[in-house]
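Protein sequence lines correspond, in order, to chains A and B.
The first sequence begins at 825 in the working numbering and counts up one residue at a time.
The second sequence begins at 825 in the working numbering and counts up one residue at a time.
Glycine included, C-beta positions come from ideal geometry on N, C-alpha and C.
There are 2 protein chains.
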Amino acid sequence: MSNPLPQGANIGILGGGQLGRMLAVAASRLGLKAHIFEPGANPPAGQVADQVTTASYEDEAALHRFAQSVDVITYEFENIPTSALDILEQIRPIHPGRQALAISQDRLSEKEFLTGLGLKVAPYANVTSAAEAEAAAQSIGTPSILKTRRMGYDGKGQDRLKNVSDMKKAWQAMQGAPSVLEGFINFSHEVSVIAARTSDGQVACYDPGENVHCEGILHSTTVPATLSAAQRMDAVLLAGQILNALDYVGVMGVELFVTADGLIVNEIAPRVHNSGHWTQNGCDICQFEQHIRAVVGWPLGDGSRHSDIRMENLIGADMERVPELRETNAALHLYGKSEIKPGRKMGHVNFRI
Amino acid sequence: MSNPLPQGANIGILGGGQLGRMLAVAASRLGLKAHIFEPGANPPAGQVADQVTTASYEDEAALHRFAQSVDVITYEFENIPTSALDILEQIRPIHPGRQALAISQDRLSEKEFLTGLGLKVAPYANVTSAAEAEAAAQSIGTPSILKTRRMGYDGKGQDRLKNVSDMKKAWQAMQGAPSVLEGFINFSHEVSVIAARTSDGQVACYDPGENVHCEGILHSTTVPATLSAAQRMDAVLLAGQILNALDYVGVMGVELFVTADGLIVNEIAPRVHNSGHWTQNGCDICQFEQHIRAVVGWPLGDGSRHSDIRMENLIGADMERVPELRETNAALHLYGKSEIKPGRKMGHVNFRI
Chain A
825 MSNPLPQGAN IGILGGGQLG RMLAVAASRL GLKAHIFEPG ANPPAGQVAD
875 QVTTASYEDE AALHRFAQSV DVITYEFENI PTSALDILEQ IRPIHPGRQA
925 LAISQDRLSE KEFLTGLGLK VAPYANVTSA AEAEAAAQSI GTPSILKTRR
975 MGYDGKGQDR LKNVSDMKKA WQAMQGAPSV LEGFINFSHE VSVIAARTSD
1025 GQVACYDPGE NVHCEGILHS TTVPATLSAA QRMDAVLLAG QILNALDYVG
1075 VMGVELFVTA DGLIVNEIAP RVHNSGHWTQ NGCDICQFEQ HIRAVVGWPL
1125 GDGSRHSDIR MENLIGADME RVPELRETNA ALHLYGKSEI KPGRKMGHVN
1175 FRI
Chain B
825 MSNPLPQGAN IGILGGGQLG RMLAVAASRL GLKAHIFEPG ANPPAGQVAD
875 QVTTASYEDE AALHRFAQSV DVITYEFENI PTSALDILEQ IRPIHPGRQA
925 LAISQDRLSE KEFLTGLGLK VAPYANVTSA AEAEAAAQSI GTPSILKTRR
975 MGYDGKGQDR LKNVSDMKKA WQAMQGAPSV LEGFINFSHE VSVIAARTSD
1025 GQVACYDPGE NVHCEGILHS TTVPATLSAA QRMDAVLLAG QILNALDYVG
1075 VMGVELFVTA DGLIVNEIAP RVHNSGHWTQ NGCDICQFEQ HIRAVVGWPL
1125 GDGSRHSDIR MENLIGADME RVPELRETNA ALHLYGKSEI KPGRKMGHVN
1175 FRI
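Structural data, given as structure tokens:
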């Protein structure tokens, strides 16, 4: 491995939520320091970071100071304003790189990239006008789902179509935001592959996990997933193909639908992923450490799993389960968020199965 | 469990070394914040703590502010000045409590406490004068080892006697510090039990680990240790007996010599212990989380182990092993210390065995 960053190096992390928090902890385990950049006050990651910059992504001076104070930059979410990235990348390397960010920030680009690799995605149509909306509803049919091209996550910025006639209202709800209509897929279940790649092309994948969503938010991930050996191999190979095509550095979450006709790529996320939290108790080198290793030029762990795990998210009022959960030997991971809100990810728990 | 501290509570930790660092990380996992009190600048624990107070243990105003900013106080080392504890305990609870600290700060008190419980310790004699030194050397014989009663750790403040005539020089080296002469024990190996207790008397022990020391510093711990089922049970029971006798709250390290005549207590440490670092990769609830759980009034993990582990310390120049170790899948834990010094604990590595 060429030129790993030395002990005590500073990792700049854009975003101070739970993913930034767990990245900061993983960095500490490798003797590295984390500097969080986050517009919101008192971010969860700030509690475990060496430094925190509280500033907007429009604050050019703050972006400059942040970049100059660190050795490398990474992020916990993909919707970072392009103008901020333009400033930061002049000063320090950003991993994963701009191409992965650009693709994952835009559902249309993502689908075109994936189909360009020969991978299967759900039928889709670009929607930028009422006329295109109508045509898309006719060609894709129903049930289908209209999603904004940009800034959607955890089921936000989405509207389901039961009938073609639902399109009018759905398109109006998008308020003119460029969107994509996705056809439904007849899939048996969803799995995801947490894959990692270093700058010199080493790729390592964890075993796929089986995801259950609830109201558009991940509810649980179970490892191992229900997959044949051939499907498992396919999943890992296609993840590697995506990472190599992007000359990717870091961890990526690749969500896949399992169908009778093979695996269909649902979505990619150029970052550590909620469906990879099981690795904290299933592996010695978890996805957070794996990401930091890639970003600072260390070799990757091989993704080997010592235990089978079911991860369950603790969302909003699920925090009421904590008193009962702490009576068990399950591994609790709480995010230090002061306020419980419906739909807010407050923590997760890893059960040995 | 009565009155566990709520999410977001502040844990005050006296000492900012690697133990404080790993305690802070464990606190974060439970949604809690850590505030480190440490006289030295840039402590390793500060990199992952929510707050750091840099002040001397003589700074009464700083001690007041620190105590008032936290909900409960714990520590990573036992040699905390009594005057500081007097101030802190007026303001917030300190766990583990004063009795455990007083005993472990003084080798003589410790031995008297242990023998008072009916436990075996090495033959010993109190040495406070040249005359007592001479008498002790005669009664305990050689080989033996003269240790200061207070402030010794990692082989410091110790002198070995090969012959009775060595005592004169050894006692002079102590410069009048009250000391204890310990007779050597014919033991096959050393094990340690990492035990924990809550305020309402729940006790949990991890399986004993087998320790190898090198030049007075722990070199490795291997779990499971070489012990018969009866010895394993003895080890755990005597650890529980010690914790109950002290009405102890938190994690304690109990070092034991294994001899043909049974287990002999070498030393107790009222804190998380280097010989318990294997729990980070052998258990879902590691010793650091276990300690935090006890201190904040959560129920304990039951100490169950999912994997067999060999922990090796990385001391001083052992850091040269890091490039090779990071090519393996071993779990590295580095402490973020900027300067490598001979004998300085820089990190450790947990190997799955």
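Here DSSP, grouped into helix, strand and coil, assigns B/GLY1074 to strand. Contact annotation: B/HIS1115 and B/ASN1137 have beta-carbon atoms that are not nearer than 9 Å.
Taking C-alpha positions only, B/ALA960 is separated from B/ILE1041 by approximately 26 Å.
Within chain B, the C-beta atoms nearer than 7 Å to that of A/ASP1126 come from ASN1153, in chain order. A/ASN866 and A/ASP1142 have their C-alpha atoms some 22 Å from each other.
Distance check between B/THR878 and each of B/ILE860, B/GLU956, B/CYS1110 places B/ILE860 closest, using alpha-carbon atoms only. For B/SER953, the secondary structure class from DSSP, reduced to helix, strand or coil, is coil.
Residue pairing by DSSP puts B/ARG984 in a beta bridge opposite B/ILE969. Distances from the alpha-carbon of A/LEU1149 to those of B/ASP1132, B/GLY1125, B/ASP1031 put B/GLY1125 closest. Contact between the stretch 911 to 921 of chain A and the stretch 940 to 960 of chain A is absent: fewer than 3 CB-CB pairs across the two stretches fall below 8 Å. Taking the Cα positions, A/LYS935 is about 10 Å away from A/ARG973. B/SER1044 is outside the set of residues whose beta carbon lies under 9 Å from a beta carbon in chain A. B/GLY1160 and B/PRO868 have their C-alpha atoms roughly 6 Å apart. Note that the C-beta distance between B/ILE1133 and B/VAL1047 is below 9 Å.
If you draw a straight line from the Cα of A/VAL1119 to the Cα of B/GLY981, it comes to about 44 Å.
The beta-carbon separation of B/ILE1164 and B/GLY1140, rounded to 6 Å, stays under the 8 Å limit for a contact. For the stretch 1107 to 1118 of chain A, the set of positions with a beta-carbon nearer than 8 Å to some beta-carbon of chain B reads ASP1108, ILE1109, ARG1117 in chain order. 9 Å or more divides the Cβ of A/ILE918 from the Cβ of A/GLY839.
Inter-residue distance for A/LEU970 and A/ALA886 is about 37 Å (C-alpha atoms, whole angstroms).
One Cα belongs to B/GLY1086, the other to B/GLN1055, and the distance between them is close to 8 Å. The Cβ atoms of A/ALA994 and A/CYS1029 do not sit closer than 9 Å to each other.
Residues of the stretch 991 to 1014 of chain B with a Cβ closer than 8 Å to any Cβ of chain A: none.
Neighbours of B/TYR881 in chain A, taken as residues whose beta carbon is under 8 Å from its own, are absent, since the nearest beta carbon is some 24 Å off. Check the Cα spacing between A/THR906 and each of A/LEU925, A/VAL896, A/ASP895, A/THR898: the tightest is with A/LEU925. Distances from the CA of A/ALA1053 to each of A/PHE1112, A/VAL1096, A/PRO1032, A/MET1076 were compared; the closest alpha carbon is that of A/PRO1032. Close to chain B, meaning a Cβ-Cβ distance shorter than 8 Å, are the following residues of the stretch 837 to 856 of chain A: ARG845, ALA848, VAL849, SER852, ARG853, LEU854, GLY855, LEU856.
Under DSSP, no beta-bridge partner is assigned to B/ASN1105. Secondary structure of A/PHE937 (DSSP, three-state): helix. In this structure, B/GLU1091 sits near B/VAL1078, with a CB-CB distance shorter than 9 Å. Proximity to B/PRO828 across B/PHE1112, B/ALA1084, B/ASP1024 peaks at B/ASP1024, based on C-alpha coordinates. Counting the other Cβ atoms within 10 Å of the Cβ of B/SER953 gives fewer than 16, which makes it exposed. Separation of the CB atoms of A/ALA946 and A/ILE1088 is rounded to 6 Å, and the pair is thereby assigned contact status at 8 Å. The continuous alpha helix (DSSP H) containing A/PHE890 extends over residues 884 to 893. Per the C-alpha coordinates, the member of B/GLY836, B/GLN842, B/PRO830, B/GLY832 positioned closest to B/HIS1157 is B/GLN842.
Listed along chain B, the residues sitting closer than 8 Å to A/HIS1157 by beta-carbon distance are ARG853. Secondary structure note for B/VAL1120: its alpha helix (DSSP H) is the uninterrupted segment 1111 to 1120.
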